[in-house]
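Per this note's numbering: the sequence shown = residues 4 to 449.
As structure tokens, the structure follows; a few thoughts come after it.
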Amino acid sequence: MKQKITLFVLTFLMLSTVAFAQRNFSSNLHESAAKTGMSHHVWNSLRPQHAVVPAQNSMFRSLDTKLGLDSLVVSVYDANLAVWMPGNKEWHTYDADGHETLFTLFYWNADLNDWMPDGKTGYEYDADGRLSVDSSFYFDSDSTQWFIIDKNVYTYDADGKLMQKVNYYWDANSSQWEPTEQSSYSYNADGSIDVISTSYWVGSWVDGSEEAYIYDGDGNLTEIVSSYWDGFSWEPDSRELFGYNADGQWTEYITQYWDFDLQDWANDEKEEYIYDAAGDVMENFTYGWDIVTQTWMSVSKLDLVHDTDYSAQDLLIPIVYEEDAPHFFTHKLDNAQLYNWDEDLGWEVFLNVDLYYSEYVFTGTSEPEAKELGVFPNPASDHISLQLPDDFTEGIFRVFDAQGRQVLVQELQGSGEISVAGLRSGLYFYTLGGDERKMYGKFVKE
Numbered sequence: 004m005k006q007k008i009t010l011f012v013l014t015f016l017m018l019s020t021v022a023f024a025q026r027n028f029s030s031n032l033h034e035s036a037a038k039t040g041m042s043h044h045v046w047n048s049l050r051p052q053h054a055v056v057p058a059q060n061s062m063f064r065s066l067d068t069k070l071g072l073d074s075l076v077v078s079v080y081d082a083n084l085a086v087w088m089p090g091n092k093e094w095h096t097y098d099a100d101g102h103e104t105l106f107t108l109f110y111w112n113a114d115l116n117d118w119m120p121d122g123k124t125g126y127e128y129d130a131d132g133r134l135s136v137d138s139s140f141y142f143d144s145d146s147t148q149w150f151i152i153d154k155n156v157y158t159y160d161a162d163g164k165l166m167q168k169v170n171y172y173w174d175a176n177s178s179q180w181e182p183t184e185q186s187s188y189s190y191n192a193d194g195s196i197d198v199i200s201t202s203y204w205v206g207s208w209v210d211g212s213e214e215a216y217i218y219d220g221d222g223n224l225t226e227i228v229s230s231y232w233d234g235f236s237w238e239p240d241s242r243e244l245f246g247y248n249a250d251g252q253w254t255e256y257i258t259q260y261w262d263f264d265l266q267d268w269a270n271d272e273k274e275e276y277i278y279d280a281a282g283d284v285m286e287n288f289t290y291g292w293d294i295v296t297q298t299w300m301s302v303s304k305l306d307l308v309h310d311t312d313y314s315a316q317d318l319l320i321p322i323v324y325e326e327d328a329p330h331f332f333t334h335k336l337d338n339a340q341l342y343n344w345d346e347d348l349g350w351e352v353f354l355n356v357d358l359y360y361s362e363y364v365f366t367g368t369s370e371p372e373a374k375e376l377g378v379f380p381n382p383a384s385d386h387i388s389l390q391l392p393d394d395f396t397e398g399i400f401r402v403f404d405a406q407g408r409q410v411l412v413q414e415l416q417g418s419g420e421i422s423v424a425g426l427r428s429g430l431y432f433y434t435l436g437g438d439e440r441k442m443y444g445k446f447v448k449e
């Protein structure tokens with residue numbers, strides 16, 4: 004399943020590959036991984052594939068208030084300098100019905116000492132609020148222009164079930180869309196996914212792969228078996244196993260690949276989830292299968308911090324996380340830290356993720372679009388003045404340093420005068436949420 008993923012995920016995947024190579028783990032990058040573009044899992048190299056139907060398909064009632072995850076900042080720990088360095092950040096924008104409309108990814112340019120755009124995905128919806136098209140773009144720093152990469156088009160049946168997803172890439176030479184692959188969905192009598200069949204365009208559609216979904220008596224997804232068409236017959240490719248505790252919480256995930264020499268499934272990776280008393284995942288451990296010792300070996304762990312004052316029903320979660328990591332958002336997720344396992348030193352922190360939310364009041368009539376907000380003087384000394392729109396009434400003003408740490412928060416009511424006397428010299432970024440809109444900008448403190 005082709006997915007749009009963040010630089011955070013790519014960083015972790017590359018890190019995991021290095022970790023596996025250092026430990027003589029199975030290094031099989033089997034065909035399935037290539038077909039998925041290595042976007043198989045999110046956050047911790049885990050993708051719960053039973054959540055493949057595009058989310059964000061329900062509209063909010065008038066004047067519904069939600070906390071929307073609208074920005075995320077990733078920092079990388081430099082062990083040599085013992086400091087956190089900025090890595091990348093995300094912006095997420097929602098419309099008046101609570102649908103995500105834009106996901107923008109930035110990376111930190113150390114030479115320019117500034118955030119630079121990297122990629123973005125735009126989302127479109129049909130009259131029933133279902134995701135109909137998502138389009139991906141990359142940013143060309145030389146021309147400072149956005150260029151289209153590809154798009155996915157979604158089709159549903161009369162009951163609202165996803166029936167087909169077709170991927171197209173933009174051919175700049177012919178200036179037209181060309182198909183690449185399509186996935187067709189079939190369902191069991193209870194409406195759960197039965198089989199996803201993917202075919203590829205080579206002048207005509209040819210068979211490519213299939214994913215068969217298996218459930219237990221309680222309706223829990225227990226297994227996904229993937230096969231590929233070799234031109235003559237269907238051959239086993241990979242298998243995913245899901246485990247649950249007595250409370251029905253997802254606790255284990257194992258990936259396996261088909262060993263043609265042994266004619267059997269071989270272990271690849273394993274995930275374990277540890278829950279706290281509030282039902283939130285507080286730790287996520289990743290293991291790799293050591294083909295020499297035939298045992299699971301620690302690779303990484305993810306520690307998560309939640310705010311239990313806000314449950315999943317109070318939140319707006321971006322599509323990429325709502326589909327791929329819903330188990331991390333049973334309550335408001337505020338922070339996550341990724342650690343690598345070192346056989347000599349133990350757990351070593353590597354990545355820090357801070358998540359930021361704004362309050363959105365959905366009226367069903369307007370979009371809380373993100374717009375740039377001017378500030379003066381810039382550079383500033385002790386005070387700054389925001390160039391607020393004439394109709395602005397109130398909102399929450401937040402300031403972040405170059406590492407993405409929130410250093411100032413202030414409620415604004417009409418006035419745009421802010422004291423920054425307590426801030427150190429340097430580059431700062433700010434957001435202003437309120438009046439059903441989102442504004443942002445940056446300034447330099449002398």
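We put the CB at the ideal spot given by N, CA and C, even for glycine.
Computed from a predicted model, the values in this text were never measured in an experiment.
Inset, instruction - My understanding is that residue 386 touches residue 447, with C-beta atoms under 8 Å, so please give their C-beta distance in whole angstroms. - result: Residue 386 to residue 447, Cβ: 14 Å. No contact.
Legend entry - Given residue 162 as reference, the closest of 74, 323 and 190 once Cα atoms are compared: 190
Legend entry - C-alpha gap between residue 393 and residue 420, whole angstroms: 15 Å
Inset, instruction - Report yes if the C-beta distance between residue 87 and residue 355 is below 8 Å; otherwise report no. - result: yes
Legend entry - Collapsed DSSP secondary structure at residue 423 in the structure displayed: coil
Legend entry - Nearest candidate by alpha-carbon position, reference residue 155, set 169, 222, 305 and 144: 169
Legend entry - Cβ neighbours of residue 70 in the same chain (closer than 8 Å, five flanking residues each side left out): 313, 317, 318, 319, 335, 360, 361, 362 and 363
Legend entry - the stretch 212-221 in contact with the stretch 183-202 per 3-pair CB rule at 8 Å: yes
Legend entry - Beta-carbon proximity check, residue 171 vs residue 165, cutoff 8 Å: no
Inset, instruction - Would you list the one or two residues that DSSP bridges to residue 89? - result: 78
Legend entry - Sheet register partners of residue 431 (DSSP bridge): 446
Legend entry - Residue of 275, 291, 115 and 315 minimising C-alpha distance to residue 285: 275
Legend entry - Minimum C-alpha distance to residue 92 - residue among 297, 73, 152 and 102: 73
Inset, instruction - Please classify residue 340: does DSSP put it in a helix, a strand, or coil? - result: strand
Legend entry - Nearest candidate by alpha-carbon position, reference residue 346, set 301, 289 and 178: 301
Inset, instruction - Kindly list the residues whose CB is nearer than 7 Å to the CB of residue 254, restricted to its own chain and excluding five residues on each side of it in sequence; keep chain order. - result: 246, 247, 248, 275 and 276
Legend entry - Same chain only: Cβ atoms within 6 Å of residue 252, ignoring 5 sequence neighbours per side: 278
Legend entry - Nearest-angstrom beta carbon gap, residue 413 and residue 400 [assumed within contact, 8 Å]: 5 Å
Inset, instruction - Rounded to whole angstroms, what's the CA-CA distance from residue 293 to residue 376? Just pull it up for me. - result: 53 Å
Inset, instruction - Might you give, ordered along the chain, the residues of its own chain that have their beta carbon closer than 6 Å to the beta carbon of residue 308, omitting 5 neighbours on each side? - result: 337 and 338
Inset, instruction - Consider the Cβ of residue 226: report whether some Cβ of chain D lies at a distance smaller than 8 Å. - result: Of the chains in the structure shown, none is chain D; there is only one protein chain.
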